[in-house]
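Encoded as structure tokens, the structure appears first; notes follow it.
Protein chains in written order, with our numbering: chain A, 3 to 275; chain B, 51 to 299.
See below:
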């Protein structure tokens, strides 16, 4: 059965509506959302309410957590002072806009979802803030999948969609106690079945070089993953950004396919607050 | 090359870079003067704010400057090279422009073959905007983002942008960008500011373009400039450890 996975909506209503229309047109009726419903974008309440009205199972993203906890969007991971100032402005604006009911909804979201061998998280099984980039060291990436007990791990957070497959993976353990002599070692080898990481990209703040919203459709029967790119009315969102009083460069960056804030130099950074 | 040479050309044609090369290779007294150009058709000439002059003096510490255009350097020391820079679209010097000096030669970009051939812009009516940034220090990652936005049109259609920026480690850079050229020149200054408070050398941003969002520019720049406290945090370790200043140039 095919199901759709979307992530990183970032309060971009026009993009979310276009993606949901695309999913409906394809006749896919199971949808999972990987969080970051809000943050940077101009329509946080509208996006949260649309997700709620569609009954889409959703896990909590880093922005969803930060808005509720007042953590100010993990300022320790901002790559520049400019990004931090803009991020703080967006954070305070979003926090002021969100209704109490929608904040309660975001606070209630689980950190992960599981369906059979499929595990859904925002960043990684370790943290909403950890980036699983496509070129992450293979052992570390595989460890994230195995530790979550997943055959297929769906994540977002990087805003760049990708499918990464681990074939013929194995882990060898050799254990020797401190008081044991030479040769008294226990060994264990685990041959791992094919595992995958699927990054759903971003609906509201694409980072693939274009302006199209991205999400993925996984067909379990056919064992396929399709990365979908959906055009939407970018100008509508840009107008809403300016009308909301958010930083005008947000509109310019969205219009040109640039992320709102540049990426952190250390993508593996995890906030340890 | 010797003598007094007037070097003219339109904005962005490479006058300053060419002049720097000639002055650097000259063994003898070196003199530089930048004149303000006048265009008969009223087109804006390079709004510079002293950036080129400051950069040349940084690169050539013993460079002498003519106090004013009326001073004739020709009778001075033998082997002298005096280069006079004049922003000018066409090769004809307008009668309204009083040079006040007698150059031995006049070289014009686009006319004289010994100058490099470079595309130059034909500027129409452009807005010019300049911001004094003396004593200001940029967050390095932020200035990178800002410059990317600036030259890619986030604050209007920018045709030319030039800046002398200070970084927290004491280094300074000349940023030079022109819409007709690929990429920005990031040229390091030779001088490094000491880790004691704010740098006092000339620092400025000049922008020419159409529909410039000057309020947006100022808002973003304010978010890129670091506070006294942040600057002190970055300078203190260099003072206490006696760390050698980073080499530039």
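The beta-carbon is built from N, C-alpha and C at its ideal position, and this holds for glycine as well.
What does residue i reach in chain B if we use C-beta pairs closer than 7 Å?
i: residue 87 of chain A; result: 273
i: residue 136 of chain A; result: Those do not exist, as residue 136 of chain A stays about 23 Å from chain B at its closest Cβ, beyond 7 Å.
Mind pulling the chain A residues with CB within less than 9 Å of residue i?
i: residue 186 of chain B; result: Simply none; closest approach about 13 Å.
If you measure between the beta carbons of residue i and residue j, is that distance less than 8 Å?
i: residue 216 of chain A; j: residue 136 of chain A; result: no
i: residue 218 of chain A; j: residue 227 of chain A; result: yes
i: residue 187 of chain B; j: residue 248 of chain B; result: yes
i: residue 201 of chain A; j: residue 158 of chain A; result: yes
i: residue 16 of chain A; j: residue 239 of chain A; result: yes
i: residue 80 of chain B; j: residue 131 of chain B; result: yes
i: residue 105 of chain B; j: residue 214 of chain B; result: yes
i: residue 155 of chain B; j: residue 53 of chain B; result: yes
i: residue 211 of chain B; j: residue 201 of chain B; result: yes
i: residue 113 of chain A; j: residue 186 of chain A; result: no
i: residue 274 of chain B; j: residue 196 of chain B; result: yes
i: residue 232 of chain A; j: residue 256 of chain A; result: no
i: residue 175 of chain A; j: residue 197 of chain A; result: no
i: residue 133 of chain B; j: residue 58 of chain B; result: no
i: residue 35 of chain A; j: residue 9 of chain A; result: yes
i: residue 40 of chain A; j: residue 50 of chain A; result: yes
i: residue 159 of chain B; j: residue 64 of chain B; result: yes
i: residue 153 of chain A; j: residue 119 of chain A; result: yes
i: residue 46 of chain A; j: residue 115 of chain A; result: no
i: residue 26 of chain A; j: residue 124 of chain A; result: no
Considering only residues of the same chain and omitting the five flanking positions on each side of residue i, which have a CB-CB separation below 8 Å?
i: residue 103 of chain B; result: 82, 84, 115
i: residue 246 of chain B; result: 285, 289
i: residue 268 of chain B; result: 181
i: residue 92 of chain A; result: 41, 42, 75, 248, 249, 252, 262
Going along chain B in order, which residues have a C-beta closer than 8 Å to the C-beta of residue i?
i: residue 254 of chain A; result: 199, 203, 204
i: residue 84 of chain A; result: 189, 191, 192, 195, 196, 270, 273, 274
i: residue 81 of chain A; result: 191
i: residue 102 of chain A; result: Ordered by position in chain B, no residue passes the 8 Å Cβ test against residue 102 of chain A, which lies about 31 Å from the chain.
i: residue 184 of chain A; result: Those do not exist, as residue 184 of chain A stays about 47 Å from chain B at its closest Cβ, beyond 8 Å.
What residues of chain A sit near residue i, judged by a beta carbon separation below 8 Å?
i: residue 225 of chain B; result: Near residue 225 of chain B there are no residues of chain A at all, since even the closest Cβ is about 16 Å away, more than 8 Å.
Might you give, ordered along the chain, the residues of its own chain that have their beta carbon closer than 6 Å to the beta carbon of residue i, omitting 5 neighbours on each side?
i: residue 146 of chain A; result: 126, 127
i: residue 181 of chain B; result: 255
i: residue 253 of chain A; result: 240, 243, 244
i: residue 223 of chain B; result: 215, 236, 238
i: residue 229 of chain B; result: 209
i: residue 1 of chain A; result: Because chain A here runs from 3 to 275, residue 1 of chain A falls outside it and cannot be looked at.
Might you give, ordered along the chain, the residues of its own chain that have their beta carbon closer than 7 Å to the beta carbon of residue i, omitting 5 neighbours on each side?
i: residue 210 of chain A; result: 162, 163, 203, 216
i: residue 30 of chain A; result: 4, 5, 6, 219
i: residue 97 of chain A; result: 69
i: residue 259 of chain B; result: 176, 177, 206, 207, 208, 209
i: residue 277 of chain A; result: Outside the modelled stretch of chain A, which goes from 3 to 275, sits residue 277 of chain A, for which no answer is possible.
i: residue 194 of chain B; result: none
i: residue 234 of chain B; result: 197, 201, 225, 226, 227
Could you list which residues in chain B have their beta carbon closer than 9 Å to that of residue i, in chain order?
i: residue 163 of chain A; result: Near residue 163 of chain A there are no residues of chain B at all, since even the closest Cβ is about 24 Å away, more than 9 Å.
Tell me which residues of the region 264 to 289 of chain B have at least one Cβ-Cβ distance to chain A shorter than 9 Å, keeping chain order. 266, 269, 270, 272, 273, 274, 275, 276, 280
Under 9 Å (Cβ pairs) to chain B, residues found in the region 226 to 246 of chain A: none
Quick one: complete alpha helix (DSSP H) runs, 4+ long, within the region 181 to 222 of chain B? 190 to 201
Residues, ordered as in the chain, of the region 193 to 217 of chain A that lie near chain B by beta-carbon distance below 8 Å: none
Residue ranges of each beta strand (DSSP E) run of no fewer than 3 residues wholly in the region 45 to 119 of chain A, ordered along the chain? 114 to 117
Counting only runs that start and end within the region 199 to 242 of chain A, where is the beta strand (DSSP E) found for 3 or more residues in a row? 215 to 221, 226 to 232
Residues, ordered as in the chain, of the region 38 to 63 of chain A that lie near chain B by beta-carbon distance below 8 Å: none
Can you give, in chain order, each stretch of the beta strand (DSSP E) that sits fully within the region 126 to 153 of chain A and has at least 3 residues? none
Which runs of the alpha helix (DSSP H), 4 residues or longer, sit entirely within the region 147 to 197 of chain A? none
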